């Protein structure tokens, strides 16, 4: 075992309770999304609220904080032990930053704002949500003040979701994308080689049959269904872990446009694999589990884009489709490949393809930055949104619902989350490039159904470290360089042009 | 709201955390039985252990205990408030009775004993379990000493499962059953009117089709599937509640002998209805939920035996069977009725019919009483078991697995639980008799699919009181008399002779 220091042992002993509450809250959350009867919501929310307060109190308990501070003073800790101290100090800092009345205000405001957002979106009436958005932006700015920052208030919010990420980091990433990816997108759209739409988008399928396809695909990847994992169905697919030996994904079935279902499943498998390949020695400790949203997304996007959107995967999937959904199996692997890789500017982020997706994030990043760093009124946001959409994707929302009201994130009070999607996308391709230096062509392994070297590489470079290192350091240690958008730009150029 | 006293309000404010942990533990337990991947067990057990210790600590927290003691001194509390104090004082007493090293010993012993029991049962080798059973009996006797008792140590164990139940109570019940029910059973078996077996026991069915039958039946009873409840599948059917608006049952599908599946479902529906018809004002308090195992079992047995084994139910179910499982629908309602009501001495308790079931419990009661009150060695138990089986049911186990090793209960350390099964069975018929005085023939209501008066009666006489009154008092208040086995004896006589 990696933990020899007595203070660390004492910390871990106490930490088990926090872990147990986290475990329970995760199960409660999972059940709420997949199986809970409708009216169970009120009692469930009360239970989750109480558990969250308990966990908070345990974390900020003076004896516990003192132990963590004591451990932070040691200079002979192992890497793992230092990781524990870093993660706990960060959690304690974030948790203790906000005064209780502010936490209550956030909770009440986001709850009401979410209802208002739903109504506004349903009725396409922005005025119902705008006053709440003003409040939420104000809350975001005050949160940043409580958390503290060096350069921009938005840095404090970015850091909450991706440790160490700054406005300047994201700025630099997106300026490259805007300068180099935008011309590539324009070229793709001006040529006829890449399809903009495909008849398979309309083709209806049987949910039961498609669930067999999904199951067969993830089993082929090595997903230990029944042993250490499950697949369920929910409106918005997600991955959750209750420990290293119980990692669950969900997927969705719209009944048409089957790539959504398959790619969601493959995406969530990527998240799940990150958790399944954790070091079991870290069980019950703060360093078990993926380190950040961006790194997590790099794993899901790796499987979704690098594997799931490859020609070799289309070939591998073809007989599975043929068996369970013969009407889809009539399309050739090449046709399915292009169907998985259409490029078409769309108003809706969640339906966007690999190339345009990042511009959806860029629109949101530009707006969030102004929201927090510069201060802007909600009333001025729709125009800004529409301008940016037009500039980057050449299309303009006809309704608020398709534009500024599209995402639930801001109503939930999450400002600073969106950039992690692009970080994950860019990093996934960068990792793939380094992986190929070590194990050869990924496509060849996919063709041979030989996923082991791929999974081993991910395990040894990323997964097994859990949360020992902060995300930027993890990337540097694993591949010897920082996040670099060039890899993704090259990938798009080579794939489409 | 029923709670005006400020001390009670303060107690309830603190109690919410205990409630939340109970809620979470219940969800964790449910998931473990129905959906958890196999290897999730280790981390799940650790989480449950930590939660259980936390809940214990909250209950025994000096400030909380002091508040409860303070409230116990008031003489102007409402019935509900008095109920809260009674339940909490009882929980605190039981929780504080056992020293921590004893709790640890129990947990370790039962965990190892359960493994030993499984092996012993699989190999039909009693010697593998006997030493553990000696330890478990010793633990039971020491538990009784810690809890305290007036007359017999076994009283202390009975009271844990059924508040206020004593050895003398159970003795008196069973002596009536032995004296009066035994001759009736002998007479049933000597005549040809009641079938001892039925071809439907062997008939195979499709699980999917039978699940539709079960769902249609409980929907007909008014089970709010999707709104406030669910049905899932598990090896051993059970009911669980996560609050008044989320009550879930499970059922089983062996693939043959369909009455097992249907009657299990109807049985669990009875448990669930008790929880669904709680007074929502008691939400988050210690008095929400069924008061005891015996009363709970009276509700499940009411639906299983009084409703589910009636001719009117067979008639009502007939078209449902015909629709989903036509090969069963070919049997007439009369044939199905008798299939549901066969009487046949069997070695296995869980497969026993309404009449012989109680003798299975009697065997266990006689043995448990000697285990705890008189002290006996495990090596002498198989003979005792076999003698009693022969005497009461006229059959003798050919293996330990069919005899002394049959149930998991003792391996879990639960001694004193079995009698609640018979209490529930007897009470269910007694309640039915009183119900008919108020609403007329139950069979008529069943025939007309008019379950509302039945459910309303149960709600107003039993359910809505939650745990305000201890079980004996609840029964006296509801029907003006004590538990009386005569009702059941009369029911069997009229039904079968």
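Protein chains in written order, with this note's numbering: chain R, 862 to 1358; chain S, 862 to 1358. Glycine included, each C-beta is placed from N, C-alpha and C at the ideal position. Keep in mind it's a predicted model, so treat the numbers as computed, not measured.
Check, Outcome
"What does the alpha-carbon distance come out to for the pair residue 907(S) and residue 881(R)?", "7 Å"
"Hey, does residue 961(R) have any beta-carbon neighbour from chain S nearer than 9 Å?", "no"
"Alpha carbon to alpha carbon, what distance is there between residue 926(R) and residue 911(R)?", "21 Å"
"How would you write the range of the beta strand (DSSP E) that residue 1110(S) sits in, first residue to last?", "1108-1112"
"Using the Cα positions of residue 1136(S) and residue 1091(S), report the straight-line distance between them to the nearest angstrom.", "13 Å"
"Pull out every residue of the stretch 882-901 of chain R whose Cβ sits closer than 7 Å to any Cβ of chain S, in chain order.", "884, 885, 888, 889, 892, 896, 897, 898, 899, 900, 901"
"Taking only beta-carbon positions, decide if residue 1280(S) is within less than 9 Å of chain R.", "no"
"Look at the alpha carbon of residue 1089(R) and the alpha carbon of residue 1154(R), and state the distance between them as a whole number of angstroms.", "22 Å"
"Say whether the stretch 1108-1123 of chain R touches the stretch 1057-1072 of chain R, bearing in mind that this needs 3 or more beta-carbon pairs closer than 8 Å, one atom from each stretch.", "yes"
"Report yes if the CB atom of residue 904(R) is closer than 9 Å to the CB atom of residue 1142(S), and no otherwise.", "no"
"At a Cβ cut of 9 Å, what residues of the stretch 1100-1124 of chain R count as close to chain S, listed as they run along the chain?", "1103, 1104, 1105, 1106, 1107, 1108, 1109"
"Within a Cβ cutoff of 6 Å, which residues of the same chain sit near residue 1034(R), ignoring the five residues on either side of it in sequence?", "1346"
"By the 10 Å Cβ neighbour count, where 16 or more other Cβ atoms means buried, how is residue 1359(S) classified, buried or exposed?", "This structure leaves residue 1359(S) out entirely; chain S is present only between 862 and 1358."
"Of the residues 1343(S), 918(S), 1126(S), 1200(S), which one's Cα is nearest the Cα of residue 819(S)?", "No answer is possible for residue 819(S): the residues shown for chain S start at 862 and end at 1358."
"At the 9 Å Cβ level, is residue 908(S) part of the contact set with chain R, yes or no?", "yes"
"What residue range is occupied by the uninterrupted alpha helix (DSSP H) comprising residue 1047(R)?", "1043-1051"
"Please state if the CB of residue 1357(S) and the CB of residue 953(S) are separated by a distance shorter than 9 Å.", "no"
"Looking at C-alpha atoms only, which residue of 1110(S), 1164(S), 1019(S), 1341(S) is the closest neighbour of residue 1276(S)?", "1019(S)"
"Does DSSP put residue 1101(S) in a helix, a strand or coil?", "strand"
"Could you tell me which chain S residues have their CB closer than 7 Å to the CB of residue 1134(R), listed as they occur along the chain?", "Residues of chain S passing the Cβ test: none, with the nearest at roughly 15 Å."
"For residue 1090(R), return the contacting residues in chain S, with the cut-off set at a CB-CB distance below 8 Å.", "898"
"Just to confirm the assignment: which complete beta strand (DSSP E) runs, minimum length 3, are found wholly within the stretch 1185-1248 of chain R?", "none"
"For residue 1043(R) and residue 1250(R), I'd like the C-alpha separation in whole angstroms.", "12 Å"
"In three-state DSSP terms, what is residue 864(S)?", "coil"
"Looking at chain R, which residues of the stretch 932-952 of chain S have a Cβ within less than 8 Å of any of its Cβ atoms?", "none"
"With a Cβ-Cβ cutoff of 9 Å, do residue 1289(S) and residue 1162(S) count as a contact?", "yes"
"Rounded to whole angstroms, what is the Cα-Cα separation between residue 897(R) and residue 1242(S)?", "45 Å"
"Is the CB of residue 1285(R) under 9 Å away from at least one CB in chain S?", "no"
"Helix, strand or coil for residue 1089(S)? Go by DSSP, reduced to three states.", "coil"
"Does residue 935(R) come out as helix, strand or coil in the three-state DSSP assignment?", "coil"
"For the alpha helix (DSSP H) holding residue 1170(S), just list the boundary residues, first then last.", "Segment: none, residue 1170(S) is in no alpha helix (DSSP H) and carries neither H nor E."
"In chain R, which residues lie less than 7 Å from residue 911(S) when you measure between Cβ atoms?", "877, 878, 881"
"Counting only C-beta atoms, is residue 1085(S) closer than 9 Å to chain R at any point?", "yes"
"Counting pairs of beta carbons, one from the stretch 1265-1284 of chain R and one from the stretch 1009-1027 of chain R, are three or more of them closer than 8 Å?", "yes"
"Assign residue 1321(S) to buried or exposed, taking buried as 16 or more other Cβ atoms, counted over all protein chains shown, within 10 Å of its Cβ.", "exposed"
"Does any residue of chain R have a CB that is nearer than 9 Å to the CB of residue 1145(S)?", "yes"
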